[in-house]
């Protein structure tokens, strides 16, 4: 069997100008980055503002398991399938971060015969968006320390600086550091730390902005610190958001690439899915909706986190209305939810499946609460038995939910036509009446309670004294009327990663509440979230190489 | 009078494919980055390997003063002038670093009507080379700390780690830091510090490599630390140079842009001119020599540092033979060398000029020691008097050195024709018999003595006990047979920035000796060199902005 990188390297890519032409884009609409990547001008939105939007399809999944679900692969494969069916489809994906590529896992470009290419570029520097975010983030960070060094007229409390430096690298040594050593010339000593670039609030802002001026305003609204009297200090008080926007002038433009089958794919933005909302940019999705008749996009993690944030945060800020949601499940993952350990997943086990499928049932119920039509995609793996697949299909039928088998990993778009036909049927015949699950005008505690009860199925929420104090502070400064971004484990509907399937009769605990005031959401944390990964004992980097002829080794 | 950015923004740029066509490049030879920038394939070198090289002209200067000399402006203007004269000329420049743009000074793209464009891109992210260097540097740094964390089989002495992290930002708080706080999961505590990206050894390596495999080998040869027994530890012992080369796969390709008059300009690499050698990349210069009949390039700082390193380090590693050297001088700067303070430079003062001109005399003598034809360019400023200009001209005539007036700032290429004609005359009628000033097989002390006596005019060199110990250590490990990279003040021929003109009867002091074993040179430091700048009280960033229509404010 060929590896993902072998398949990707054998791809028959078309020149990016040809892909752009399929979308009726002219030479003035694009900026080439080599032969197979380009940036899309923001003018495209303005030029097409009176054009009717395409239909928006969100691909999400059950709670992830070690078995793997293949959400990105299904997203790419479905886009390819729709293309094969003669539809004008466009895929909208998140862009991967460079740092983790050198650690354990590779990027997020799909798999098998459903990948986006050129995968080595997409997974390395791509068009420089991550680097621009790093620069803008670190300019603000440098400006904060410089302000304090130069006299601190804002009276920033150096014990309460919220904004951290970032680097696109897995580097545990930078998690907790002390900066400013060496005396007067080097500024004031203080504790600090680096996060990985995708955890930067600038990334979340990029993905939730509707225009360059919106981006600039949001960057100015970042709550960077509190002053010595306990009042909030914002980035705009340092007069720095203009320079930050200048650094982001190209990063704000979506990137166009293609799939292995030359389907157009827009890849833009990729925030963390825990402390941020885990979706590609609003601008990219909006542009895709102007360029394609059907747009297939995805959200991070499982539906309880990814789809919830897509629907309650991204759609709210972007004025987007999804027309259909695809929930990806696999026989293996559902068996894992039903109690089967990772090394036994190749054995048929309908009983375990019938226990684990409750996770899927809950995700279906949740999407229905948003009044959006839903379809289940069974992402086929080699060892799945007919009986198991049939079990899932009949289970969905009983629930009155459409279901389709997807074999896009092995067969590309051809393997996604069954799913594509169901999706088209829903788009044509079922109406979406999307509405978010909570009102942003509600209190922070009410909003969190709604998510926990309605989506997770919890019986209640415990707020620690610490979290309560933080909520009170946000309320005091009128910073509480924002959507909620839950930072919870992705492995369970609860906040306990060990509780698989569909846990019942549980409470979740909110231990910390933070604000990303520029991005425009309040983060509720159920536990510690690692925002700077480390390298493993033998990093993937050790096997990587590039030969003089350009051949790349060890990437994936 | 128009500002540099106004002039740049009014430029009538040609599409970069048209500029490439002037150089007989095909679509396969280039990778577009937008409409006005492209990368040049390394295959161009191979395809043209039998083609005769063009002539190489180095532009250097007297020791810099606060008055400004305009070396980059003359370089760009001379290239434009040669083009106007019907020559196939190509300019080869260093690329500016993003970080300092937000501090006090802008980039290095020339000035007035002799600039390279698009200047806002060149001075921001450009084609991402700086970011690739940052990533490769920080991957190695993360790998070092990870190696120690994971068991430290190489027994790296964490007190003697030589390789630092970098960031392309002016951020004094990161000069001296402590990393690894927070307990076992975050690695071992140690002192560390960030440098600005251009100070990275990876930058020097990029600029001294002849190919991708050369780059990889040099990166593997970086001396990263000593072990607990005092033996050197190299990057290749961490198996990381392949991944680093992969990160550099696009950065190694030279960038093509144009001047305001559409003359082709290759901009690639820009190492520090003190702890590194301060020249654009060997690959870029070699490629320019294959594509143009006359290549105009520059080196950092004055001729005592910049030209010396260009000739003794870059030309040696690249097998390059310069055909002519242009020394830029200004009436104002020579008066400053003659004792006139900055605010009095507008007043004619031939006496001060006659004192200060000794600095120029010494730089001329120095270039002659390399057996390369030399010409003096008087870079005209508005307040220069006829009498002063005539004084310089007749002084040069007496020395038997060609001299020409340059007015390229105000008039573009047209203002450089007098200089262009002299340069062409030298290229056609005077032979260059270039040889370096020292042999690399000599001892470190002998090599430093040669540079100090022959180039600076010192009567001797004092080595501190610390420096002597470091030299002994390099000799012990046979690391001493490399060229020398002097890290000395740029403002004087001596190591005392206050000694203007042509100091005599002085000694220089070498306080520290370091090795950049990957780049391939030994750095001799005469004092502290700041490798991480800070932001001023009111950073240039505060005035910067970008409007929704794309208009950029405050950049320069």
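Residue numbers (this note's numbering), protein chains in the order written: chain H, 504 to 1059; chain R, 504 to 1059.
We put the beta carbon where it would ideally sit given N, CA and C, even for glycine.
Note down, in chain order, every chain H residue with its Cβ under 7 Å from the Cβ of residue i.
i, result
"residue 536(R)", "536"
"residue 990(R)", "What residue 990(R) touches in chain H: nothing, since even the nearest Cβ is about 19 Å away."
"residue 716(R)", "1051"
Which residues share a DSSP beta bridge with residue i?
i, result
"residue 596(R)", "770(R)"
"residue 698(R)", "669(R)"
"residue 542(H)", "534(H) and 758(H)"
"residue 735(H)", "729(H)"
"residue 613(R)", "618(R)"
"residue 1012(H)", "965(H)"
"residue 562(R)", "801(R) and 829(R)"
"residue 882(H)", "909(H)"
"residue 717(H)", "Paired residue(s): none; residue 717(H) is not in a bridge."
"residue 648(R)", "Partner(s): none; residue 648(R) has no beta bridge."
Residues of chain R with CB closer than 8 Å to the CB of residue i, please, in chain order.
i, result
"residue 628(H)", "631, 634, 635, 638, 750 and 753"
"residue 671(H)", "638"
"residue 641(H)", "670, 672 and 674"
"residue 1061(H)", "Chain H is shown from 504 up to 1059; residue 1061(H) falls before or after that span and cannot be answered."
Given a cut-off of 8 Å on the beta-carbon distance, is the pair residue i and residue j in contact?
i, j, result
"residue 681(R)", "residue 684(H)", "yes"
"residue 865(R)", "residue 996(R)", "yes"
"residue 941(R)", "residue 1011(R)", "no"
"residue 563(R)", "residue 614(R)", "no"
"residue 919(R)", "residue 583(R)", "yes"
"residue 883(H)", "residue 909(H)", "yes"
"residue 541(R)", "residue 534(R)", "yes"
"residue 778(H)", "residue 728(H)", "no"
"residue 845(R)", "residue 569(R)", "yes"
"residue 994(H)", "residue 566(H)", "yes"
"residue 827(R)", "residue 929(R)", "yes"
"residue 802(R)", "residue 830(R)", "no"
"residue 1001(H)", "residue 645(R)", "no"
"residue 837(R)", "residue 616(R)", "no"
By the criterion of Cβ-Cβ separation under 9 Å, what are the contact partners of residue i in chain R?
i, result
"residue 813(H)", "Per Cβ cutoff of 9 Å: no residues; residue 813(H) is ~27 Å from chain R at best."
"residue 653(H)", "1038, 1039, 1040 and 1041"
"residue 703(H)", "Those within 9 Å of residue 703(H) in chain R number zero; the least Cβ separation is about 14 Å."
Give the residues of chain R in contact with residue i, contact being defined as C-beta atoms less than 7 Å apart.
i, result
"residue 771(H)", "What residue 771(H) touches in chain R: nothing, since even the nearest Cβ is about 16 Å away."
"residue 682(H)", "676, 677 and 680"
"residue 601(H)", "638"
"residue 685(H)", "678 and 679"
"residue 605(H)", "642 and 746"
"residue 580(H)", "In chain order: nothing, as chain R lies at least about 28 Å away."
"residue 690(H)", "675 and 676"
Could you tell me which chain H residues have their CB closer than 8 Å to the CB of residue i, listed as they occur along the chain?
i, result
"residue 648(R)", "674, 675 and 676"
"residue 522(R)", "Going along chain H, no residue has its Cβ under 8 Å from residue 522(R), so there is no contact; the nearest lies around 15 Å."
"residue 935(R)", "Ordered by position in chain H, no residue passes the 8 Å Cβ test against residue 935(R), which lies about 32 Å from the chain."
Taking DSSP as the reference, what is the three-state secondary structure of residue i?
i, result
"residue 693(H)", "strand"
"residue 1084(H)", "Chain H is shown from 504 up to 1059; residue 1084(H) falls before or after that span and cannot be answered."
"residue 1019(R)", "strand"
"residue 989(H)", "strand"
"residue 607(H)", "coil"
"residue 678(R)", "coil"
"residue 638(R)", "helix"
"residue 477(R)", "Outside the displayed span of chain R (504 to 1059) sits residue 477(R), for which this structure offers no information."
"residue 1027(H)", "strand"
"residue 1032(H)", "coil"
Can you pull the chain H residues whose beta carbon is under 9 Å from the beta carbon of residue i, in chain order?
i, result
"residue 945(R)", "Chain H residues near residue 945(R): none, gap ~33 Å exceeds 9 Å."
"residue 1048(R)", "719, 744, 745, 746, 748 and 749"
(request) May I ask you to list, following chain order, the residues of the stretch 736–750 of chain H that have a beta carbon less than 9 Å from some beta carbon of chain A? (result) This model lacks chain A altogether; the protein chains it does include are H and R.
(message) List, from N- to C-terminal side, the alpha helix (DSSP H) runs of 4 residues or more that fit wholly inside the stretch 772–837 of chain R.
(response) 785–794 and 818–821
(message) Please give me, in chain order, every unbroken run of the beta strand (DSSP E) with length at least 3 that falls completely inside the stretch 886–960 of chain H.
(response) 905–909
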